[in-house]
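Peer 1:
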Amino acid sequence: MTRLLRDRRGAFGAIVLLSVVLCAAAAPLVTSGAPAAQRDIVATRFVAPLSSDAHGVFHPIGTDRFGRDVWTRLVYGARISMGVGVLSVLVSLLLGIAIGAVAGYWQGPISLTLLGLTDFALSLPRVVLLLLLAALWQPSTALVVSVLGLTGWMGIARLVHGEVRTLAARPFVEGAVAVGGRRLRVLARHILPNALTPVIVAAALGLGNAITLEAGLSYLGLGVQPPTPSWGNMMASGRDTLVNAPWVAIAPGVALVLVVIACALLGDALRDQLDPSVRSVAS
Amino acid sequence: MFARLGQRLLTGSAVVLGVVILTFLLLHVAPGDPVRLMLGPTATAEQLAAQRRALDLDKPLPSQFASWVGRFARGDWGTSIAKGHPVRAVLGAAWPATVRLVALSLLLSYLLGLAVGVVQAARSGSRTDTLLSVTSVTLFAIPGYWLGLMLVLVFTYWARLLPAFGAAGFDSDFLTGGAFVADRLRHLILPLATLTVIGIGGAARFVRGAMLDTLHQPFITTARAKGLAQRRVIGRHALRNALTPIVVLLGLSLPALFSGAVFVEAVFAWPGVGRVLVEAVQARDYPVVMAATAVSAVLVVAGNMLADLLAAWLDPRVRSAAA
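First to last, the protein sequences are chains A and B. By the numbering used here, the letter at position 130 of the first sequence is numbered 429, and the numbering carries on one by one without gaps. By the numbering used here, the letter at position 218 of the second sequence is numbered 213, and the numbering carries on one by one without gaps.
1) L81 of chain B by DSSP, collapsed to three states: which one?
2) Check D303 of chain B in the structure and name its three-state DSSP category.
3) List, in chain order, every chain B residue whose beta-carbon is nearer than 7 Å to that of R425 of chain A.
4) Measuring only the C-alpha atoms, how far is L101 of chain B from L109 of chain B?
5) Going by the DSSP bridge assignment, what does D368 of chain A pair with across the sheet?
6) Could you pull the DSSP bridge partners for V471 of chain A from this structure?
7) Could you tell me whether the stretch 135 to 149 of chain B touches the stretch 254 to 273 of chain B, using the rule of 3 or more Cβ pairs below 8 Å?
8) Locate the alpha helix (DSSP H) running through Y518 of chain A, then write down its first and last residues.
9) Just the C-alpha distance for G120 of chain B and A198 of chain B, rounded to the nearest angstrom, thanks.
10) Is the number of C-beta pairs between the stretch 532 to 552 of chain A and the stretch 409 to 425 of chain A that are closer than 8 Å three or more?
11) Would you kindly check if the distance between the Cβ of P470 of chain A and the Cβ of L521 of chain A is under 8 Å?
12) A347 of chain A and G361 of chain A look like a contact to me (Cβ under 8 Å); what is the Cβ gap, rounded to whole Å?
13) Under the three-state reduction of DSSP, which class applies to S318 of chain A: helix, strand or coil?
14) Between S350 of chain A and P359 of chain A, what straight-line distance do the alpha-carbon atoms span, to the nearest angstrom?
15) Let me see if you follow: with CB-CB separation under 8 Å, is Y518 of chain A close to chain B or not?
16) So, at 7 Å on beta carbons, what are the nonlocal neighbours of R372 of chain A in its own chain, with the 5 sequence-adjacent residues on each side left out?
17) Could you please tell me which residues of the stretch 521 to 534 of chain A, in chain order, have their CB closer than 7 Å to any CB of chain B?
18) Quick one: using the 10 Å Cβ neighbour count with 16 as the cut-off for buried, is R481 of chain A buried or exposed?
19) Taking just the CA atoms, how far does R270 of chain B sit from L238 of chain B?
20) Buried or exposed for P526 of chain A, going by 16 or more other Cβ atoms inside 10 Å?
21) By a C-beta neighbour count over all protein chains shown, 10 Å radius and 16 as the cutoff for buried, is F258 of chain B buried or exposed?
22) With DSSP as the reference, please indicate the residues paired to T343 of chain A in a beta bridge.
23) Mind checking which residues open and close the alpha helix (DSSP H) that includes Q277 of chain B?
24) Quick check: the Cα distance between V114 of chain B and T465 of chain A, rounded to an integer number of angstroms?
25) Verify the CB distance criterion: does A509 of chain A have a CB-CB separation below 8 Å to chain B?
26) Decide if G298 of chain B is buried, meaning its Cβ has at least 16 other Cβ atoms within 10 Å, or exposed.
27) Rounded to the nearest angstrom, how far is the Cβ of T209 of chain B from that of A224 of chain B, given a contact under 8 Å?
28) Looking only at C-alpha atoms, which of A:R302, A:Q524, A:R570, A:D363 sits nearest to A336 of chain A?
29) Let me check you understand the geometry: is the CB of F160 of chain B closer than 7 Å to at least one non-hydrogen atom of the ligand NAP?
30) Would you grab the beta carbon distance between G246 of chain B and D178 of chain B for me? Rounded to a whole angstrom, and I think it's under 8 Å.
31) Between the alpha carbons of G173 of chain B and S536 of chain A, how many angstroms are there, rounded?
32) Using a Cβ-Cβ distance cut-off of 8 Å, determine whether V320 of chain A contacts chain B.
33) Please determine if the stretch 387 to 394 of chain A and the stretch 204 to 222 of chain B are in contact, where contact requires at least 3 C-beta pairs separated by less than 8 Å.
34) Quick one: list the residues of chain B neighbouring R538 of chain A, beta-carbon separation under 7 Å, in chain order.
35) Checking the sheet assignment: what are the DSSP bridge partners for S351 of chain A?
36) Quick one: is V556 of chain A near chain B, going by C-beta distance under 8 Å?
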């Protein structure tokens, strides 16, 4: 862990993610506490960043066309965006680990079917599937989580499958089988814990991806529905006021890019630490 | 080579068939009645039933699917519920725009990404490498729809230089020669730049990784030991060998690129398959959704196959084994 933080990329990623999560968790303390509050629209709309409105209330990133404080919405949006991202990655992890482990441990028709399914799902354009699923049912936050989870497990399944296959042939697993461990127990207690390291890296990268896609769906109006703020629907509403108030669209975008960079860098740093062969090369 | 081609064709068709079946099932599981949507709230029960019969929606699922596949294979893709045009005409007008956009941006982003990645790998660990790494991670992290908005803000609203939507101006029908070409190009710049800039980040990361893997092979040490110049080691020995995984990744990045194109097309109202799909999905225009999904699956599978064959052809071992 300390080694991870000594890597500048790891430290940057950890600090950014930690501060976003802290801000989101402490949202009522660091903001006005009411992301959907509108008062006196005419006097408070389109207030520029770093200035106060007619009532003397200070707005660090200005207000949108309804006079809502952009900073407050950004922080409350982080709750939704990070929450949706983390939950959907968890769904993908569960599915991917289950499918990969079964396919890797039970050779034969089951394994072939699961691998075929994985390859098939992997060759689909994910966004086409997302659009289809998101538009067929009533858009909601729960739908976005399940849709992202259901379309994100394939890479993880492949990773786990590869790891489990190599581990299953190792002496310590044969030993566990020889002393009479049941197969499911051997898989869960002996193989999986050793197969999980590359999965953590994939999960870090998957988090960035899920957050981007959630924002994309919300941007198209198929994800989290207003007035609940999410970074995606904030960008969508900022798109309509791009000329009058560009900050409404800029702020959530910058936040999103920072978080995704943090995920990517953290993932890179983790991978380099876990794989000694690359460690010498990494800067 | 031909056996490989045949095998790829087979798996490719299986994927397309799978996509079509999946889409078909999803459309029928999902809530929402296309017939009711088509006829509006004032329709009577008899009218709904008659329309259902006309569209074969009253038959059991497998027979509906069989008749749909049959008609699809014959080239009768149905009529768009929302627009009233034949689906084939709607998509026939759309797919060249998508292919143009995606192919150009793939080419540009890989050429630029290749250059950046090779420079980084050649100077691995240097300040240049770090700087370019930070840049490519940043580009990689920017979502297309947001970058598109920012480019529109800068080049359309602030600089007033480039148009923000469509593939041609309103007066394009009356333009001729140079003016026509200029109009098309001006409309192409922003969507193409958006898609390319995002692509460079990913491509450069891939190329850097593939080059570094190759640079640690024993034959590179041999080349260095022979006293070859750095330029020659990188260009003749490392790059050529790193090219195969890069081309394979190029194929694998196609679905992602196409996904990016869906958002970029939506932002810039680019008249491609992505925008048709988004609009059809929002209007529950079933025939168009089915056909657009099938067409995008075909585009992605075909692109993957091309990349796979290209990679096989680039690798002399595979080429000679097949000959």
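Backbone N, C-alpha and C define an ideal beta-carbon position, used for all residues, glycine too.
Peer 2: Taking the geometry as given:
1) In the sequence as presented, Leu is not what sits at residue 81 of chain B; that position holds Pro. DSSP places P81 of chain B in strand when its eight states are reduced to three.
2) helix
3) P250, S254
4) 12 Å
5) A:T362
6) Before going further, note that residue 471 of chain A is Phe rather than Val in the sequence given. According to DSSP, which records beta bridges pairwise, F471 of chain A is partnered with nothing at all.
7) yes
8) 496 to 518
9) 19 Å
10) no
11) no
12) 5 Å
13) helix
14) 7 Å
15) yes
16) P334, P528, M533
17) M534
18) exposed
19) 33 Å
20) exposed
21) buried
22) T343 of chain A is not bridged to any residue.
23) 268 to 277
24) 36 Å
25) no
26) buried
27) So it is not a contact: roughly 17 Å between Cβ atoms.
28) A:D363
29) The model depicted lacks the ligand NAP and carries no ligand whatsoever.
30) At roughly 33 Å, the Cβ-Cβ gap does not stay under 8 Å, so G246 of chain B and D178 of chain B are not in contact.
31) 38 Å
32) no
33) no
34) L144
35) A:F357
36) yes
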